[in-house]
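Enquirer: Under this note's numbering, think of the first position of the sequence shown as 64, with each following residue one higher.
Even glycine gets a Cβ: it sits at the ideal position worked out from N, Cα and C.
Shown below is the structure under consideration.
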Amino acid sequence: MSAINFKIEKKLTVSGKNSATNEESLYRAPLGRAGILTTPHGVIHTPAFVTVGTKATVKGITPEMLEEAGAEVMLANTYHLYLQPGDEIIAKAGGLQGFSGWNGPTMTDSGGFQVFSLGVALGKNITKFTKSANGELAEPQIQAPAPEAKSGSKNASKSEADAILREDGQVLKPAQIDANGVMFRSVIDGSVHYFTPEKSIQIQHNIGADMIFAFDECTSPNEPYAYQAESLDRTHRWAKQSLEYHKNARDSKTGELISDKQAIFGIVQGGRHERLRKESAEVLANMKVKIQDATGADSSSEEVREVSFDGFGIGGSFAKEDMGDAVRWVNEILPEDKPRHLLGIGEAEDLFDAVENGCDLFDCVMPTRNGRTGTLLTKFGKVNIMNAKYKDDFTQLEEGCGCYTCKKYTRAYLNHLFKAKEMLGGTLATVHNLYFTINLVKKIRQSILDDNFAKFKAEFLALYLKRD
Ligand SMILES: [Zn+2]
C-alpha cells in the first residue's frame, strides 16, 4: 500500500487545433497530463504549484491566507528544520501540520540541495539555473552567511574558519562528501553535522510530511562528466538506502509501517547529460526493495513483498534553454502512473514547458521572494511596485485578479507600504504573487481538460513576456 494515490484525469492532446500557430511539431509527443493526487491530508489537483514554506512557514503569511490564495500543498525544508527548531520538536508537536497550522498536504525535500549549495558547492554557483548563453542568471545565487569562527581561531583566514576539523585531525571544506554521506557546517552557528540517507529519512519521518524525498547529491553542472557519473552512482546507492530504510521503518508507538502514512519520491539527477539523465530515470524507475508485512499476530506468517518509489523528483540545475529537453528525456522513461515533481521551478514560461513535458508538481521560492522585495507578477509580466509612477495610481494592482490584495488595495497604497518599509507590503505582495502563480497552474490544468493548452500557452506568454 502506498500513502498516496495518483490518477490521470486527462492527457494533453495535440489534436491539430494548433495549426494556426505552426507549433504542432512542438506537441508531437506530449507527455502532459491533468491528474488527481490523493494524500493523507487531502487532494492535490495536478499540475499544481507547491508553495515553499522553508521553515514551516510561508514567509509573511498565515496558513489561512495561503489557503485563500488557492494553495493545495506546502513544501518545507529538511535541512533548515533539522537545524532549527530541530525535527524532534516538530515530532512532539504532532508533525508539520500540527506544528505549523497548515492542515493540507505537505512535502519535505531531502536536505541534499541545501547541504550542497550551502556547503560543498559554496562559491561554485549551484543554482536551479546555470548561466545561459547570453550570460543572464535566472535565479540569484544562493549565499550562505559566513559561519562564525570558533574561539581560538580569531586570526584564522576565512577559509580556515569555514573548514571542518575532524576528530582524526583532517581539515575538511565547509561540507565534505564521502561514500556514506555528507559532513557539513550549520549556517546558523557553524556547528558540524553529518547526513546519511538514513539520517535524512529519519528527520523527514519526524517532520511527518505526506511526501518525502530520497537523499541525493545535487551537483554543480560545471563539474566534469566523470564527476557527474561518479556522483550519480552515489545518488543511486543513496536512493536505494533511503527507500529501504523508509519502507521498513515502523512507528515506534503503533508498530505501523510509516510508508502507509508517508510516500517517498526518488530524485533523478544527471546534470545536463542526456545519457546520465536517462540512466538515472531507468535506475530509479526500476528500483525495488523487499519489505516484510506482518499479516497477523503470528510473526511467522509474515509475507515478503517488493515495493518501489511512490513518485519521482527531478533535481539539479539546468541551462534554462534546455530544461524542457532534460525533463522530457526523464519523463519518457519514468512510470506514467506515478507523480513527478520538478524541483525548484516556478517562472511562468518554465511552468508551461514542465507541464507539457510531463511534470505534475513544481516548487519555487520565486513568487514569495519577489513579493517580499516589491516585484509583482502580472499577466503583463513582472512589475516593480516601488516605481514612482505608481505613487498616485489608485487602480487595482492587477485588473481582474481575484486575490485578497487586489480586491482591497490600490497600487498607490502598495507603493507607499514598500517605500515606507512597512511589513504589510511584503505580506500583501506575497498573497498576490502566490495567487497569481497557483492560479496560472490551475488555468494550465484547465486548458489540458479543455483541449486548449497550446492556444492558452501562446496567448498567455505573448502578453507575459512582452517587453515594452
Ligand atoms: Zn492579486
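1. DSSP three-state call for Lys70: helix, strand or coil?
2. Please state the DSSP three-state secondary structure of Ile501.
3. Check whether the Cβ of Glu319 lies closer than 6 Å to any heavy atom of ligand 1, and answer yes or no.
4. For a test of the three-state rule: what should DSSP assign to Lys324, helix, strand or coil?
5. Relative to ligand 1, what is the chain-ordered list of residues with a Cβ closer than 6 Å to any of its non-hydrogen atoms?
6. Measuring only the C-alpha atoms, how far is Val367 from Glu261?
7. What do you get for Lys59, buried or exposed, if any count of 16 or more other CB atoms within 10 angstroms of its CB means buried?
8. Under the three-state reduction of DSSP, which class applies to Lys529: helix, strand or coil?
9. Report the three-state DSSP secondary structure of Thr102 (helix, strand or coil).
10. Considering Val428, what are the terminal residues of the beta strand (DSSP E) in which it resides?
11. Using 8 Å for Cβ pairs, my map puts Lys506 next to Phe516. What's the rounded Cβ distance?
12. Would you report the Cα separation of Ile264 and Asn447, rounded to the nearest angstrom?
13. Output needed for Ile251: all residues of its chain with C-beta closer than 8 Å, excluding positions within five of it in sequence on either side, in chain order.
14. Have a look at Gly271 and Phe179 and give me their C-alpha separation to the nearest angstrom.
15. Are the beta-carbon atoms belonging to Val346 and Val393 less than 7 Å from one another?
16. Does the beta-carbon distance from Ala66 to Ala326 come in below 7 Å?
17. Taking buried to mean at least 16 other C-beta atoms within 10 Å of its own C-beta, is Asp416 buried or exposed?
18. Reducing DSSP to helix, strand and coil, say where Phe523 ends up.
19. Taking the alpha-carbon positions, what's the Pro255 to Leu144 distance?
20. Is Gly387 near Leu406, with beta carbons less than 7 Å apart?
21. Taking all protein chains shown into account, do 16 or more other C-beta atoms lie within 10 angstroms of the C-beta of Asn450, making it buried, or fewer, making it exposed?
22. Just curious, the beta strand (DSSP E) that Met64 is in, first and last residue?
23. If you draw a straight line from the C-alpha of Val106 to the C-alpha of Leu100, how long is it?
24. DSSP state of Lys445, grouped into three classes?
25. Once DSSP output is grouped into helix, strand and coil, what is the label at Thr538?
26. Measuring only the C-alpha atoms, how far is Thr117 from Leu138?
27. Tell me whether Lys353 sits in a helix, a strand or coil according to DSSP, three-state version.
28. For the beta strand (DSSP E) that Arg338 lies in, which residues bound it at each end?
29. Pop quiz: Leu512 and Phe443 are said to be a contact at Cβ under 8 Å. What is the actual Cβ separation, rounded to whole angstroms?
30. Going by DSSP, what residues sit across from Ala97 in a beta bridge?
31. Helix, strand or coil for Ile153, going by three-state DSSP, please let me know.
32. For Ala134, tell me which candidate among Cys464, Tyr308, Val121 and Thr141 has the shortest Cα-Cα distance.
33. Quick check on the burial criterion: 16 or more other C-beta atoms within 10 angstroms. Buried or exposed for Met64?
34. Would the beta-carbon of Gly437 fall within 7 Å of that of Gly123?
35. Rounded to the nearest angstrom, what separates Leu440 and His479 at their Cα positions?
36. Tell me, please, which residues DSSP counts as bridged to Gln239.
Expert: Here's the rundown:
1. strand
2. helix
3. Result no, Cβ not under 6 Å from ligand 1.
4. In this structure, Lys324 counts as coil in the three-state DSSP scheme.
5. Leu460, Glu461, Cys464, Cys466, Thr468, Cys469, His495 and Tyr498
6. 21 Å
7. This structure cannot settle anything about residue 59, because the visible part of the chain is limited to 64 through 531.
8. coil
9. strand
10. Segment: none, Val428 is in no beta strand (DSSP E) and carries neither H nor E.
11. Their Cβ separation, rounded to whole angstroms, is 10 Å, which puts Lys506 and Phe516 out of contact at 8 Å.
12. 41 Å
13. Leu146 and Gln147
14. 23 Å
15. no
16. yes
17. By the neighbour-count criterion, in which 16 or more other beta carbons inside 10 Å mark a residue as buried, Asp416 falls on the buried side.
18. Of the three classes helix, strand and coil, the one that applies to Phe523 here is helix, per DSSP.
19. A small correction: the amino acid at residue 255 is Val; Pro does not occupy that position in the sequence shown. Computed Cα separation, rounded: 16 Å.
20. no
21. exposed
22. That residue, Met64, is in no beta strand (DSSP E); it is neither H nor E in DSSP.
23. Straight-line measurement puts the Cα of Leu100 at about 6 Å from the Cα of Val106.
24. strand
25. The structure shown has nothing for residue 538, since the chain only spans 64 to 531.
26. 7 Å
27. strand
28. Run containing Arg338: none in the beta strand (DSSP E); it sits in the alpha helix (DSSP H), Glu337 to Ala348.
29. Between Leu512 and Phe443, the beta carbon gap of about 26 Å keeps them out of contact (Cβ cut-off 8 Å).
30. Lys73
31. Helix.
32. Val121
33. exposed
34. It is not a contact, given that the beta carbons lie outside the stated cut-off.
35. 18 Å
36. Met246
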